[in-house]
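Student: Attaching a single structure in structure tokens format; questions to follow.
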Amino acid sequence: MRITHLGHACLLVEVADVRVLIDPGAFVDDFSEAHDLDAVVVTHRHPDHLDPQRLPGILADNPNATLLCDPESVTAFADLGVEAREHGGASTRIGGVTITPFGDQHALIHDDLPRITNVGVRLDADGEPSFFHPGDALDAVPGHVDVLAFPLQAPWQRSRDMTAFLRRFGAPHAVPIHDGLLQRRGRDLYLGQAAQLGCADTRIHDLAGAGPVEFRDGA
């Protein structure tokens with residue numbers, strides 16, 4: 127498995143010869159790596175996870191990619207003239223990869239703001255590490271995973287929520303995402319808390335600007 131952090135919550139996951147782009151939102155500066163895609167996954171319709179301006183172009187450049195999304199994003203895509211498949215209930219098999227949805231609602235931002243749908247995704251392939259991207263929620267229960275993407279900072283998340291999330295999973299590896307609102311000093315602070323106050327058995331891999339990084343099953 128190779129993972130590239132393209133920015134904020136957007137990851138390109140390459141596993142079992144399948145390329146999956148997750149949450150291509152407006153906070154991503156460069157989508158040049160978004161080619162030869164087999165699947166595009168959108169966890170929810172907030173613009174930092176679904177860029178309505180650039181996503182149609184990404185899909186046009188990848189005509190064979192399957193588009194999977196949460197229920198409410200189906201409507202958002204229809205407004206863009208794009209056909210998407212809701213994956214709120216069943217797994218989808220793409221090549222040798224099984225993409226399984228988990229969760230159904232975005233984390234609470236404020237009592238005055240209505241909550242929207244949010245569906246995280248687990249990726250599994252024989253002989254490869256398992257992976258989970260939660261989108262914008264911390265309550266999904268996808269079981270044990272080898273590589274966990276975790277929100278580093280968000281308007282809906284306290285720092286202790288982030289470290290509790292890491293402790294609950296106890297994954298061997300964790301990749302920080304949802305960092306687009308942080309400047310350097312603040313980002314370093316949150317990364318330090320993740321490493322020091324998260325799970326002692328979890329190795330934090332900061333992939334920002336690192337290009338593709340490889341993860342192996344059992345390593």
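Each position in the sequence shown, counted from 1, maps to that position plus 126 in the numbering used here.
For every residue, glycine included, the Cβ atom is placed at its ideal position computed from N, Cα and C.
1) Return the residue from the list E159, V223 and D143 that minimises the CA-CA distance to T130.
2) Could you check whether A300 and L292 sit closer than 9 Å to each other, using their CB atoms as the reference points?
3) Within the 9 Å Cβ cut-off, does A135 reach chain C?
4) Going by CA-CA distance only, name the one from R145, A135 and A142 that's closest to F153.
5) Going by alpha carbons, who is nearest to T169 out of G221, T226 and G207?
6) Check whether the segment 263-279 and the segment 192-208 touch, using three or more Cβ-Cβ pairs below 8 Å as the test.
7) Under a Cβ-count criterion, where at least 16 other Cβ atoms within 10 Å of its own Cβ denotes burial, should P173 be classed as buried or exposed?
8) When the Cα atoms are used, what is the spatial distance from E209 to G246?
9) So, is H236 buried or exposed, given that buried needs 16 or more other C-beta atoms within 10 angstroms?
10) Hey, which unbroken runs of the alpha helix (DSSP H) at 4 residues or more fall wholly within the segment 255-331?
11) Measure the C-alpha to C-alpha separation of E140 and G253 and round it to an integer number of angstroms.
12) Roughly how many angstroms lie between the CA atoms of L264 and Q283, to the nearest whole one?
13) Given a cut-off of 9 Å, decide if G229 and A290 are closer than it, judged by their beta-carbon atoms.
14) Distance check for C195 and R211, CA to CA, integer angstroms please.
15) Taking the DSSP output, what are the residues bridged to I148?
16) If you draw a straight line from the alpha carbon of P150 to that of R286, how long is it in whole angstroms?
Tutor: Reading from the atomic positions:
1) E159
2) Yes. Within cutoff.
3) Among the chains of the structure shown, chain C does not appear; only one protein chain is present.
4) A135
5) T226
6) no
7) Exposed.
8) 20 Å
9) exposed
10) 285-295 and 310-323
11) 13 Å
12) 9 Å
13) No. Outside cutoff.
14) 6 Å
15) L137 and V167
16) 27 Å
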